[in-house]
Amino acid sequence: MFHSKKNQFILSIFFIITLSYFLYNAFHPLVHETGAAAIRVHPLITCKEVSESFQPAESTAIFYIDSPAIHSLLRFENLPKQSVLTAKWFYHSQNQKLLYETSVDVSGSDTAHFWIQAPAKGWYIGSYMIEIYLNENLIEKKEIIVTYK
Numbered sequence: 007m008f009h010s011k012k013n014q015f016i017l018s019i020f021f022i023i024t025l026s027y028f029l030y031n032a033f034h035p036l037v038h039e040t041g042a043a044a045i046r047v048h049p050l051i052t053c054k055e056v057s058e059s060f061q062p063a064e065s066t067a068i069f070y071i072d073s074p075a076i077h078s079l080l081r082f083e084n085l086p087k088q089s090v091l092t093a094k095w096f097y098h099s100q101n102q103k104l105l106y107e108t109s110v111d112v113s114g115s116d117t118a119h120f121w122i123q124a125p126a127k128g129w130y131i132g133s134y135m136i137e138i139y140l141n142e143n144l145i146e147k148k149e150i151i152v153t154y155k
């Protein structure tokens with residue numbers, strides 16, 4: 007059946023290829039990489055108060071000069087370990103004057119709560135900006151207006 011040299015040669019090549027395939031896979035197993043879950047950051051919410059369960063109370067982007075504080079909530083999912091969220095608050099009406107900056111270590115899926123207390127004499131009327139950074143990269147920003155009642 008395999009008497010001809012041509013058939014023996016073809017069979018030998020087939021055997022070598024098959025053996026090589028099995029040996030390669032024995033030492034280099036196939037790994038199914040699913041990859042890390044996608045990082046997701048939800049839109050920044052500003053509000054007058056935050057409940058104990060981190061829900062916004064009276065979501066708004068308009069505050070009054072006598073507002074005791076301005077709160078913001080940022081929901082995120084699948085952040086890697088040792089991530090840092092930083093909130094920077096600016097008085098936008100005066101060439102982005104930095105008012106306050108704070109950072110928090112985060113990972114996984116959660117909600118970050120950032121807030122700024124009113125100055126002793128109340129808020130200046132005008133435009134404010136909050137910027138949120140993830141590991142020093144700007145990921146969210148929102149303009150806030152302070153006005154009279």
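All residue numbers for the sequence shown refer to my numbering, where the first residue is 7 and numbers rise by one.
Glycine included, C-beta positions come from ideal geometry on N, C-alpha and C.
On a predicted model such as this, the values are computed, not experimentally measured, just so you know.
Please report the distance separating the alpha-carbon of residue i from that of residue j.
i: GLU58; j: VAL90; result: 23 Å
i: LEU144; j: VAL47; result: 12 Å
i: ILE131; j: PRO125; result: 12 Å
i: GLU160; j: LYS54; result: The chain is shown from 7 up to 155; residue 160 falls before or after that span and cannot be answered.
i: LYS87; j: SER115; result: 11 Å
i: LYS148; j: GLN123; result: 17 Å
i: GLU137; j: LYS155; result: 25 Å
i: GLU146; j: LYS94; result: 11 Å
i: SER113; j: HIS77; result: 21 Å
i: VAL56; j: GLU107; result: 19 Å
i: PRO62; j: LEU50; result: 11 Å
Taking 7 Å as the limit between beta carbons, can you name the residues of its chain near residue i, skipping five residues before and five after?
i: THR153; result: ILE68, TYR70 and ILE131
i: THR66; result: THR52, CYS53 and LYS54
Out of the options, which one is the CA nearest neighbour of residue i?
i: MET135; options: GLN102, ALA118 and PRO49; result: GLN102
i: ILE151; options: PHE82, HIS119 and SER73; result: SER73
i: LYS127; options: THR92, GLU146 and ALA75; result: ALA75
i: LEU105; options: LEU80, PHE96 and ASN141; result: PHE96
i: ASP111; options: PRO62, LEU50 and GLU142; result: GLU142
i: PHE120; options: THR52, TRP129, SER113 and SER10; result: THR52
Tell me residue i's beta-bridge partners as DSSP assigns them.
i: ALA75; result: GLN123
i: TYR139; result: THR92 and LEU144
Spatial neighbours of residue i within its chain, please: C-beta separation below 6 Å, excluding the five flanking residues on both sides.
i: ALA43; result: ASN84
i: THR92; result: SER109 and TYR139
i: SER99; result: GLY132 and SER133
i: THR117; result: PHE60, LEU79 and ARG81
i: LYS11; result: none
i: GLU129; result: Before going further, note that residue 129 is Trp rather than Glu in the sequence given. Excluding positions up to five away in sequence, the list reads ILE71 and VAL152.
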